[in-house]
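Structure record follows, encoded as structure tokens.
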Amino acid sequence: IPSSSIAVSGDSAGGGLALALLLALRDNGEPMPACATLISPWTDMLGMGESNRTNVERCALFNGNSVALASRTYLGDANPRDLRASPVYGRFEGLPPLLVHVGEEEMIRDDSVRVVEQTRGAGGDAEIAFWPVVPHAWQLYGTFMREARESLRALGQFIAAKTLSPVAPRNS
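For the sequence shown, position 29 (counting from the first letter as 1) is numbered 29 according to the working numbering, and the numbering increases by one without interruption.
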């Protein structure tokens, strides 16, 4: 399968892993996928984004020290700055187009903001959509939640636009 037909996607820690995969592919000189979609990506195990403090009372899933506790549980003895766990500390040049969806009230919202800003700052193509009043990784509720269906539709349209070759008209 040609890399131009491949999209990478992930939500939460999986969004961070999807971004870490892109960094590793680039650093190893491997072909890049056509694009990536990141859903509420958790990209900073140190929790340095401002929203880790400003959204602590508004986030529907995380609260107080829960992100820090989840980080320690996830990492064990691993270094929280390891790019495989915290890709936000990596270099962002040479990445494929990114589309990021994140809730405005999520504690880890700024992980997404930083990824998009750094990608753009490195000359890359990155879009971000902020969703009001949704829980972390709300797309899991696709059949029950209008915002989930709308987000999944937009993510799918982005992937289709980046991966599907236009069909040439047939001569009759």
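Beta carbons: idealized from backbone N, C-alpha and C, even for Gly. All values derive from a computational prediction rather than experimental measurement.
Residue i to residue j span [Cα, whole Å]
i, j, result
"Gly49", "Pro96", "24 Å"
"Arg109", "Asn55", "9 Å"
"Gly64", "Ser51", "12 Å"
"Asp27", "Arg53", "33 Å"
"Cys35", "Gly76", "31 Å"
"Phe62", "Pro33", "32 Å"
"Glu57", "Met107", "9 Å"
"Ala160", "Ser66", "36 Å"
"Trp131", "Ile1", "34 Å"
"Asp125", "Leu140", "26 Å"
"Pro135", "Gly103", "7 Å"
"Arg146", "Glu117", "28 Å"
"Thr163", "Gly15", "19 Å"
"Leu83", "Leu25", "13 Å"
"Ser5", "Gly29", "18 Å"
When the options are compared against residue i, the one with the closest alpha-carbon
i, options, result
"Val113", "Val56, Ile39 and Ala154", "Ile39"
"Ser12", "Ser3, Pro41, Gln157 and Leu69", "Pro41"
"Glu127", "Glu104, Thr119 and Met107", "Thr119"
"Val100", "Gln157, Ala122, Ala129 and Thr73", "Ala129"
Counterpart residues of residue i in DSSP-defined beta bridges
i, result
"Ser3", "The partner list for Ser3 (beta bridge, DSSP) is empty, contrary to what the question assumes."
"Glu127", "Leu99"
"Gly10", "Leu38"
Anticipated Cβ contact below 8 Å, residue i with residue j, distance rounded
i, j, result
"Ser86", "Thr43", "6 Å"
"Ala148", "Glu105", "About 16 Å; that fails the 8 Å criterion."
"Leu23", "Val8", "No, Leu23 and Val8 are not in contact; Cβ-Cβ is about 11 Å, not under 8 Å."
"Thr46", "Val115", "The sequence given here places Leu at residue 46; Thr does not occur at that position. Going by Cβ atoms, the distance from Leu46 to Val115 rounds to 14 Å, so no, they are not a contact pair."
"Phe158", "Thr73", "Contact flag wrong, Cβ pair sits at about 32 Å."
Nonlocal neighbours in the same chain, by C-beta distance under 7 Å from residue i, ignoring five residues either side
i, result
"Ala78", "Ala85"
"Asp111", "Pro41, Trp42, Thr43, Asp44, Gly49 and Val88"
"Pro31", "Ser3"
"Leu69", "none"
"Ala137", "Asp11, Ser12, Ile39 and Ser40"
Close-in-space but distant-in-sequence residues of the same chain around residue i (CB under 6 Å, 5 per side omitted)
i, result
"Ala122", "Phe92 and Glu93"
"Gly10", "Leu17 and Ala18"
"Arg81", "Tyr89"
"Leu155", "Thr37"
"Ser172", "Low per-residue confidence applies at Ser172: pLDDT is 47, beneath 50, and the placement is therefore not dependable, though the value from the model is reported in the following sentence. So no residue of the chain qualifies."
Residues near residue i in its chain [Cβ-Cβ closer than 8 Å; skip 5 each side]
i, result
"Thr143", "Arg149"
"Leu152", "Gln139 and Gly142"
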